[in-house]
Amino acid sequence: MQVNGTPYRCIWLEADKRTVGIIDQTKLPHRFETVSLRTLNDTIVAISDMLVRGAPLIGATAAYGVCLGLTEQSKDCSDTHLEKICAALIAARPTAVNLRWAVERMRSLLTDLPPEERVEAAYQEAALICDEDAQANESLGEHGLKLIRKKYEETGKPVNLLTHCNAGWLATVDWGTALSPIFKAQQAGIPIHVWVDETRPRNQGAHLTTWELASAGIDHHLIVDNSGGHLMQQGKVDLCIVGTDRTTCTGDVCNKIGTYLKALAAADNNIPFYVALPSSTIDWTLEHGAAIPIEERDQEEVLLVSGLAENGEIQKVRIAPEQTRAANPAFDVTPARLITGLITERGICKPNKKSLLSVFPEYME
Ligand code: MRU
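Numbered per this note's numbering, the sequence shown spans residues 71 to 435.
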């Protein structure tokens with residue numbers, strides 16, 4: 071995607087072919103700053119402090135974290151050190167399965183190689199993970215585009231979409247998940263308008279999705295998280311598309327907190343509710359969404375709100391009394407029965423095991 075006319079991916083290798091570049095997403099939309107990751111610890115902090123976030127991008131970053139862990143001062147490529155690196159990365163954030171998926175993929179490739187070949191192989195594999203993610207997201211965008219086009223052909227009016235959190239290109243290596251069909255629709259000249267949930271507490275909708283849509287010239291309104299149900303009752307939403315951090319093989323979808331409420335409102339109003347995901351987000355080991363670990367983040371994210379102050383500085387302000395405590399579960403699970411379909415890189419399927427396996431037969435036991 072483009073930032074002020076310059077093509078960007080969300081993660082890249084710098085000129086020395088060792089250092090990893092990322093966009094610091096905690097500064098958006100106010101400042102566009104890039105950061106260099108040089109060590110395993112830099113990577114873990116970038117993931118846990120959410121300089122990078124979004125399930126596929128966390129996975130890609132962790133893959134490069136393995137590379138950085140192997141090339142640090144000690145240059146220790148032993149099995150023991152590799153195990154330590156992988157365990158530390160997997161612990162950085164618990165919910166998005168792409169993190170575990172990418173680290174396991176790196177580990178299984180590298181353990182079969184002699185230690186002296188591991189660094190080069192790790193960098194090659196991390197680059198492949200990034201390329202595959204960008205390709206998968208572009209493909210799922212083409213499949214999702216068909217839904218938007220169909221709606222436009224039925225009504226002849228601009229298609230009103232609702233999305234939650236940020237599932238745009240910033241959440242992936244490129245293209246995004248839920249926003250990929252939206253970018254494709256814009257490119258295809260289909261008139262669209264997007265309702266963007268602000269997505270408290272970290273406001274990924276307000277900070278990131280709006281920034282992406284504005285940069286792409288896509289018509290949108292920012293709405294508070296509680297507006298969606300009302301807009302649906304008013305007939306102002308044609309289609310909901312969200313991303314996911316982990317989807318079970320039975321089609322239960324874990325995504326940013328608040329997704330479940332939107333799915334309930336969509337079901338009550340007969341509005342199609344789609345989830346867009348690359349297959350790296352499917353957890354083939356889990357049958358029930360209730361088994362997905364839900365990240366509980368720091369209460370300060372709820373008690374303080376970050377924004378641009380009049381002096382031009384990014385500042386945090388407290389919105390509750392000093393003595394108030396906050397709970398901050400970062401994700402929730404939407405049961406498969408509330409989901410219309412899963413938009414994957416191989417096509418759209420129903421949120422159940424049979425339909426998922428028909429698209430990904432290689433996971434049949
Ligand atoms: O806490 P975040 O910002 O990492 O959460 C991101 C989301 O919930 C996205 O919807 C999800 O990762 C899918 S987007 C590709």
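From the three backbone atoms N, C-alpha and C, an ideal C-beta is built for every residue, glycine too.
Bridge partner(s) assigned by DSSP for residue i
i       : result
Asn-236 : Partner(s): none; Asn-236 has no beta bridge.
Val-294 : DSSP output for Val-294 lists no bridge partner at all.
Gln-72  : Pro-77
Phe-401 : Lys-326
Cys-310 : Leu-232 and Phe-343
Glu-208 : For Glu-208, which the question treats as bridged, DSSP gives no partner whatsoever.
Asp-353 : Thr-318
Glu-366 : Pro-399
Thr-414 : Gly-417
For residue i, the first and last residue of its enclosing alpha helix (DSSP H)
i       : result
Cys-137 : 125-141
Ile-409 : It is not in any alpha helix (DSSP H) - Ile-409 carries neither H nor E in the DSSP assignment.
Asp-338 : 329-338
Ile-437 : Since the first residue shown for the chain is 71 and the last is 435, residue 437 is missing from the structure and cannot be characterised.
Range of the contiguous beta strand (DSSP E) that encloses residue i
i       : result
Cys-324 : 323-326
Val-173 : Where Val-173 is concerned, there is no enclosing beta strand (DSSP E), although the alpha helix (DSSP H) it sits in stretches over 167-181.
Gly-91  : 90-93
Gly-386 : The residue asked about is misnamed: residue 386 is Lys in this sequence, not Gly. Residues 384-388.
Leu-107 : 104-107
Ser-144 : Unbroken run through Ser-144: none, as it is neither H nor E.
Val-375 : 374-378
Expected contact under 8 Å - CB spacing of residue i and residue j to nearest Å
i       : j       : result
Ala-162 : Leu-169 : 7 Å
Ala-346 : Gly-214 : 6 Å
Ala-206 : Pro-391 : Contact doesn't hold; Cβ gap of about 46 Å is too wide.
Leu-110 : Ile-155 : 6 Å
Ala-172 : Ala-197 : Not a contact, Cβ separation roughly 12 Å.
Asn-398 : Glu-371 : 6 Å
Thr-96  : Met-120 : 6 Å
Ala-258 : Thr-247 : Not a contact, Cβ separation roughly 18 Å.
Val-136 : Met-71  : With 8 Å as the limit, Val-136 and Met-71 do not qualify as a contact, their Cβ atoms being about 26 Å apart.
Cys-200 : Val-167 : Contact doesn't hold; Cβ gap of about 18 Å is too wide.
Phe-253 : Lys-326 : Not quite, the Cβ-Cβ distance comes to about 20 Å (not below 8 Å), so this is no contact.
Residue i CB to nearest heavy atom of the ligand MRU below 7 Å
i       : result
Arg-170 : no
Val-312 : yes
Arg-395 : no
Arg-270 : no
Cys-200 : no
Met-120 : yes
Gln-274 : yes
Ala-400 : yes
Asn-236 : yes
Lys-326 : yes
Pro-421 : no
Val-315 : At residue 315 the sequence reads Asp, which differs from the Val that was named. Indeed, a heavy atom of the ligand MRU lies less than 7 Å from the Cβ.
Thr-247 : yes
Arg-79  : no
Thr-242 : yes
Arg-407 : no
Gly-124 : yes
Ala-116 : no
Ala-166 : yes
Coarse secondary structure for residue i, derived from DSSP in three states
i       : result
Thr-279 : helix
Leu-347 : coil
Phe-253 : helix
Gly-214 : helix
Ile-114 : helix
Val-429 : helix
Cys-419 : strand
Leu-83  : strand
Arg-395 : coil
Ile-199 : helix
Thr-225 : helix
His-11  : What is shown of the chain runs 71 to 435, which leaves residue 11 out entirely.
Met-120 : coil
Val-189 : helix
Lys-97  : coil
Ala-360 : helix
Ala-284 : helix
Minimum Cβ-Cβ distance from residue i to chain C less than 8 Å
i       : result
Thr-242 : Structure shown: chain C not included; a single protein chain is present.
Residue i CB to nearest heavy atom of the ligand FMN below 7 Å
i       : result
Thr-280 : This structure lacks the ligand FMN; the ligands present are the ligand MRU.
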